[in-house]
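Here the numbering used here = 1-based position in the sequence shown + 556.
Notes follow the structure.
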Amino acid sequence: MDPEELRELQLNYLKKIVIHAYNNVKLYREKWNKAGVSPKDIKEIEDLHKLPIITKNDLKKFFPGGILAKNYSREDCYIISTSGSTGTPVRIFVERDRILFDIARSIVWSRFIGIRMGTIVGIVVSSRDSIEYVYGRGIPWFLRRRRFFTKRRMYRFDVRDDPKNHISAVNKIKPDSLLTYPSVLKNMALTALEEGITISQPRLIITFGEVLDMHTRKIIEKVFNSEIINVYGATETGTIASECLKHEGLHIAWNIIVELIKNGKPVSYGEPGQVVVTDLIKNATPIIRYSGLGDVAVMKRGWGTCNLKSPLLELIEGRLVDSVILKDGRIIHPYTLTLLIQDIPFIAKFQIIQKEVDEIEILIVPEKTKDTKTLPSSTENKLGREIRKRFKKELGDKMKINITFVEDIPRRPGSYTYATVLSLVSKELI
Numbered sequence: 557m558d559p560e561e562l563r564e565l566q567l568n569y570l571k572k573i574v575i576h577a578y579n580n581v582k583l584y585r586e587k588w589n590k591a592g593v594s595p596k597d598i599k600e601i602e603d604l605h606k607l608p609i610i611t612k613n614d615l616k617k618f619f620p621g622g623i624l625a626k627n628y629s630r631e632d633c634y635i636i637s638t639s640g641s642t643g644t645p646v647r648i649f650v651e652r653d654r655i656l657f658d659i660a661r662s663i664v665w666s667r668f669i670g671i672r673m674g675t676i677v678g679i680v681v682s683s684r685d686s687i688e689y690v691y692g693r694g695i696p697w698f699l700r701r702r703r704f705f706t707k708r709r710m711y712r713f714d715v716r717d718d719p720k721n722h723i724s725a726v727n728k729i730k731p732d733s734l735l736t737y738p739s740v741l742k743n744m745a746l747t748a749l750e751e752g753i754t755i756s757q758p759r760l761i762i763t764f765g766e767v768l769d770m771h772t773r774k775i776i777e778k779v780f781n782s783e784i785i786n787v788y789g790a791t792e793t794g795t796i797a798s799e800c801l802k803h804e805g806l807h808i809a810w811n812i813i814v815e816l817i818k819n820g821k822p823v824s825y826g827e828p829g830q831v832v833v834t835d836l837i838k839n840a841t842p843i844i845r846y847s848g849l850g851d852v853a854v855m856k857r858g859w860g861t862c863n864l865k866s867p868l869l870e871l872i873e874g875r876l877v878d879s880v881i882l883k884d885g886r887i888i889h890p891y892t893l894t895l896l897i898q899d900i901p902f903i904a905k906f907q908i909i910q911k912e913v914d915e916i917e918i919l920i921v922p923e924k925t926k927d928t929k930t931l932p933s934s935t936e937n938k939l940g941r942e943i944r945k946r947f948k949k950e951l952g953d954k955m956k957i958n959i960t961f962v963e964d965i966p967r968r969p970g971s972y973t974y975a976t977v978l979s980l981v982s983k984e985l986i
């Protein structure tokens, strides 16, 4: 598809999704009416900026009825939750047929760029409302019986297991492909380097869910000699962009429009901006001009040298998370900790900081409403006790847990984001 055909296709879908959202979703109707805009104002893709930006807080505030399209029932959908890697977990509705679309798109994409997945090991979040679990459950029985989806071909392991268990699984199965988060691969690599363990080499590694920065990539490449394909996506949208085998940038999916903005205005090519994303085909909970990913990227000028004539994105900063190192040497994946908090009520944001090997501080930003700006001390005490109990159970009674309620989480200097899990305990083998 050439660029003009892509543009025409996207505009057609954009007009449809905007009309659908305005007519059927309370969140968008209220926000757009307040801003004085309506679907008739969207005549070109460039008109997208006329619509107000939607935030994570908007999705949380209007959940459930205000974000579910009224022409969808809850029985038509799965509810999926973000992992909390940005510190503000949210839940949205995903229509069942969208799952089939995403699975089919992944297969077509992998074959188009010349990838053969073969036997797959996935090390992912396995909570029942995670996108990975729901998408696995959403594969119909008649597809599960096909060779691509049989258990002989796909194996799933929990991200929260010890890195040594992940290494053992890979060495036992010897998969062709390994799908997981950069931080999981980093933990496996650090463990293998420290323990002198040899890891079976998959032909292909696909990373997703976190930023694969050069620092992490170099550590991974000390242990893995595999082809690494970086996929940029989110629970709210699925896959946004992906590398091909040329590694010249991230090809933006046809059904996604990415805007990069700074101080409310679009940035130029080569200039970093905050990612604002629109999904053209998500209907149960439409995602239109959504800023909640917390990522910063650069749009590359022109196309790559491969056959894909799609815009190229370079992700430079985003959901950076650290693992926690315990006194006995165990490495605790950050999602283990974020999942302990994400279902606790009255929490807007959080940050987990490992200050010492036996001390963790948890910063909590309470939810605020129009009428309630602060939580009663009794509620804070109750939340504190529940959080402390969960962390002690996971990390052991000897771990000191300090909980502080704050107005906001400090962001990294010059950044739109903050680290959700931050470890000040060094265990780098560089």
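Don't be surprised by glycine CBs; every beta carbon is placed ideally from N, CA and C.
Owing to the predicted nature of the structure, the values given are computational and were not obtained by experimental measurement.
Separation of residue j from residue i, as counted between CA atoms
i	j	result
THR675	ARG712	11 Å
GLU777	LEU741	10 Å
VAL831	GLU912	34 Å
LEU624	ASN580	8 Å
LYS707	MET673	Because LYS707 carries a pLDDT of 46, less than 50, the predicted location of this residue cannot be relied on, and the following value inherits that uncertainty. LYS707 and MET673: Cα-Cα distance of roughly 14 Å.
SER739	VAL981	16 Å
GLY820	LEU939	36 Å
ILE808	TYR628	28 Å
LYS954	LYS948	8 Å
LYS905	LEU919	8 Å
HIS605	ILE887	43 Å
TYR737	ASP914	26 Å
SER666	GLU783	13 Å
SER933	PHE961	10 Å
ASP964	ILE663	42 Å
GLY970	PRO922	Confidence is the limiting factor: at GLY970 the pLDDT is only 48, short of 50, which leaves the residue's position unreliable, though a coordinate-based value still follows. So the two alpha carbons sit approximately 25 Å from each other.
TRP697	ASP717	Residue placement at TRP697 is poorly supported in this model, since its pLDDT is 46, which falls under 50; the coordinates still yield a value, given next. Whole-angstrom Cα-Cα distance: 28 Å.
ILE903	GLU917	16 Å
VAL726	VAL677	7 Å
VAL854	ASN937	43 Å
ILE986	VAL646	Annotation note: pLDDT 27 at ILE986 (below 50); position unreliable, coordinate value reported separately. Spanning the two alpha carbons is a distance of roughly 36 Å.
GLY694	ARG654	Model confidence at GLY694 stands at a pLDDT of 49, short of 50, so the residue's coordinates are unreliable; what they give is reported in the following sentence. Their Cα atoms are separated by approximately 10 Å.
SER847	LEU868	19 Å
LEU836	ILE844	8 Å
GLU870	TYR825	11 Å
PHE764	THR834	19 Å
LYS883	LYS956	12 Å
ASP769	ILE598	36 Å
GLN898	THR861	42 Å
ASN568	GLU600	9 Å
GLY885	ALA748	13 Å
TYR578	LYS626	11 Å
ASN958	LEU931	18 Å
SER879	PRO595	45 Å
LEU849	LYS818	15 Å
ALA591	VAL574	15 Å
Member of the options whose CA lies at the smallest distance from the CA of residue i
i	options	result
ASN811	ASP658, LYS606, LEU801	ASP658
LEU746	TYR584, ILE648, LYS720	LYS720
LEU760	SER879, VAL831, LEU978, GLU799	GLU799
ARG652	TYR634, SER666, ILE837, VAL880	TYR634
LYS571	ASP603, LYS587, VAL854, GLU560	ASP603
ILE796	ALA748, TYR825, ASP851	ASP851
LYS802	LYS818, ILE785, VAL833	ILE785
LEU895	GLY858, THR861, ARG946	ARG946
GLU751	SER724, ILE729, THR976, TYR891	SER724
ASP558	ILE959, LEU615, LYS865, GLN898	LYS865
THR791	SER637, GLU600, ILE762, LYS856	SER637
ILE943	ILE900, ARG709, LYS838, THR841	ILE900
PRO608	GLU561, LYS730, LEU583	LEU583
According to DSSP, residues forming a beta bridge with residue i
i	result
ILE887	ILE881
PHE906	ILE920
ALA790	GLY794
ARG709	ARG709 is not bridged to any residue.
LEU871	ALA853
Residue range of the beta strand (DSSP E) that includes residue i
i	result
ALA625	Unbroken run through ALA625: none, as it is neither H nor E.
LYS865	Looking at the DSSP string, LYS865 is not in any beta strand (DSSP E), and its letter there is neither H nor E.
PHE649	647–651
LYS818	812–818
VAL807	Per the sequence shown, the amino acid found at residue 807 is His instead of Val. HIS807 -> beta strand (DSSP E) spans 806–808.
ALA853	852–856
LEU978	977–979
ASP835	829–835
CYS633	633–637
ILE679	676–680
Boundaries of the alpha helix (DSSP H) in which residue i is found, first to last residue
i	result
LEU565	559–580
ARG941	933–951
PHE961	Here PHE961 belongs to no alpha helix (DSSP H); instead the beta strand (DSSP E) covers 956–961.
PHE618	612–618
Residue i: CB within 7 Å of a non-hydrogen atom of the ligand NAD
i	result
LEU615	This structure lacks the ligand NAD, and indeed carries no ligand of any kind.
(message) Could you tell me which whole alpha helix (DSSP H) segments of length 4 or greater appear in the segment 724–787?
(response) Counting whole runs of 4 or more residues, the segment 724–787 contains the alpha helix (DSSP H) stretches 738–751, 770–777.
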